[in-house]
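Under the working numbering, the first residue of the sequence shown is numbered 295, with each subsequent residue one higher. Beta carbons are placed, not taken as given, at the ideal position from N, Cα and C, and that holds for glycine. Working notes, structure below.
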Amino acid sequence: MKPQLQVGLIGYGFAGKTFHAPIITSIPGLNLQKVVQRSSESAKERYPWVEVVKSADELYADSDIDLIIITTPSTDHVDFVRNALNAGKHVVVEKPFTVTKSEADELIQLAKQKNKVLSVFHNRRWDGDFLTIQEILQNNLLGRIRECAFHWDRFHPTASRKNWRDQAGKGAGVFYDLGVHLLDQAVQLFGKPNKIAADIQIQREGANAHDYFAVTLGYDDKLKVTLKSSPFVRSESPRYILHGEKGSFIKYGLDPQEKALISGQSPASTPQWGVEPEGQWGELNTSLGKIHLKGKIETLPGAYQNYYQNIYDHIMENIELEVKPEEASYNIHLIERALQSHKEGRTLLVDN
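Take a look at the structure:
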């Protein structure tokens, strides 16, 4: 039996209940021991062995807890992460890491001082379509990429009065919530951009936080990457569009893992986890030498569990950390520059 890391989870809302707890409990070696829930003990319905506590302080004071997972709204992240690190715990925090880059860098420095692991849950690096695009680019199936677009469109024409993401305040809004995933994916695929231009709006009547964004990242080799999200897209649009000197790749549909997790499934108990139905496979149109290839290619299986497996392996065996806090901090830097670009109505250098 693998040595166990004892895990404490702060927050059992949508993120904690849907994403973190089912994945944590699917990893041999991670033992979900305590959950912070202030107003109920619903975590025990699915995980009867856990101890539900009312305060995060009870996790900080527990010498048995090795790793604390923070799934609170992003406006709360800094204090929880700081307190967990000061208590001598390893920390995983939901995205977005923080509201500002200065806050992120403060926490990174503290983690180094305490010699503790700090990582951000950028699980969308393990979406099947993203893994497939990585493989396409690594094998140069499209040639030099000239233009691409990542869309996270949805049809939510009415703003929620209960969801914190729709409320006024720093760190709320769709750009922090969904945009940070697309920024992270773009940087992972193409590296750091040198220019950014952004249009970030509140479009829905009665909304208090931005619900639309169109952001363009510019690169030295003239590559342009457009990231976009709108709440008024009722007809499905492509999720990923990549155009290169040899061909194109177009992909519709969302990775199936989120839907599976919402339905109560987990990677540990679901055969063919993360496997996408053939109807959602992307279409590749390219050339290999003199051969023209056109047709659907099978999406690689998604694997959110690999994020937490890497956390365990990094803590226990010093395997390289997949999602480094410095990478998450850079994503927040891009958000800040995008917001400034929108405010000033012009294209900005990412680093000035």
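- Remark: fewer than three beta-carbon pairs, one from each stretch, lie closer than 8 Å, so the segment 505-523 and the segment 537-551 are not flagged as touching.
- It is roughly 24 Å from the alpha-carbon of residue 390 to the alpha-carbon of residue 560.
- With a cutoff of 8 Å on beta-carbon distance, residue 362 and residue 304 are scored as near each other.
- Beta-bridge partners assigned by DSSP to residue 576: 591.
- As computed with DSSP, residue 542 is found in a beta bridge with 537, 579.
- In this chain, residue 634 is not harboured by any beta strand (DSSP E); it is covered by the alpha helix (DSSP H) spanning 619-638.
- Shown here, residue 454 sits in coil according to DSSP, grouped into three states, outside any helix or strand.
- Under the three-state reduction of DSSP, residue 419 is assigned to helix.
- Within 10 angstroms of the beta-carbon of residue 623 lie 16 or more other beta-carbons, which makes it buried.
- When DSSP reads this structure, residue 523 sits in a beta bridge with 507.
- The three-state secondary structure of residue 600, taken from DSSP, is helix.
- DSSP places residue 412 in the strand class (E or B) of the three-state scheme.
- Under DSSP, residue 493 takes part in a beta bridge, and its partners are 508.
- Where residue 363 is concerned, the enclosing beta strand (DSSP E) starts and stops at 361-364.
- By the criterion of a C-beta distance shorter than 8 Å, residue 461 is surrounded in its chain by 502, 503, once the five residues flanking it on both sides are discounted.
- In the three-state DSSP reduction, residue 425 falls in the helix class (H, G or I).
- For the pair residue 427 and residue 441, the Cα-to-Cα distance works out to about 14 Å.
- Cα atoms of residue 378 and residue 545: separation of roughly 40 Å, rounded to the nearest angstrom.
- The beta carbon of residue 448 sits closer than 7 Å to the beta carbons of 525, 527 from its chain, once the five residues preceding and following it are set aside; these are given in chain order.
- With respect to the 8 Å criterion, residue 324 and residue 606 are classified as neighbours on the basis of their beta carbons.
- If you draw a straight line from the Cα of residue 333 to the Cα of residue 348, it is about 8 Å long.
- Beta-carbon to beta-carbon, residue 445 and residue 533 are separated by about 6 Å, close enough to satisfy the 8 Å threshold.
- Note that the C-beta distance between residue 300 and residue 327 is below 8 Å.
- Taken through DSSP and simplified to helix, strand or coil, residue 472 comes out as helix.
- Within a 10 Å sphere around the beta-carbon of residue 373 sit fewer than 16 other beta-carbons, which makes this residue exposed.
- Spanning the alpha carbons of residue 376 and residue 600 requires a straight line of approximately 26 Å.
- Taking residue 522 as the centre and dropping the five residues before and after it, the same chain places the C-beta of 443, 444, 445, 446, 447, 507, 508, 509 closer than 8 Å to its C-beta, in chain order.
- Here residue 438 is exposed. Its C-beta has fewer than 16 other C-beta atoms within 10 Å.
- Annotation for residue 327: the continuous beta strand (DSSP E) segment containing it runs 324-330.
- For residue 340, the enclosing alpha helix (DSSP H) stretches over residues 337-340.
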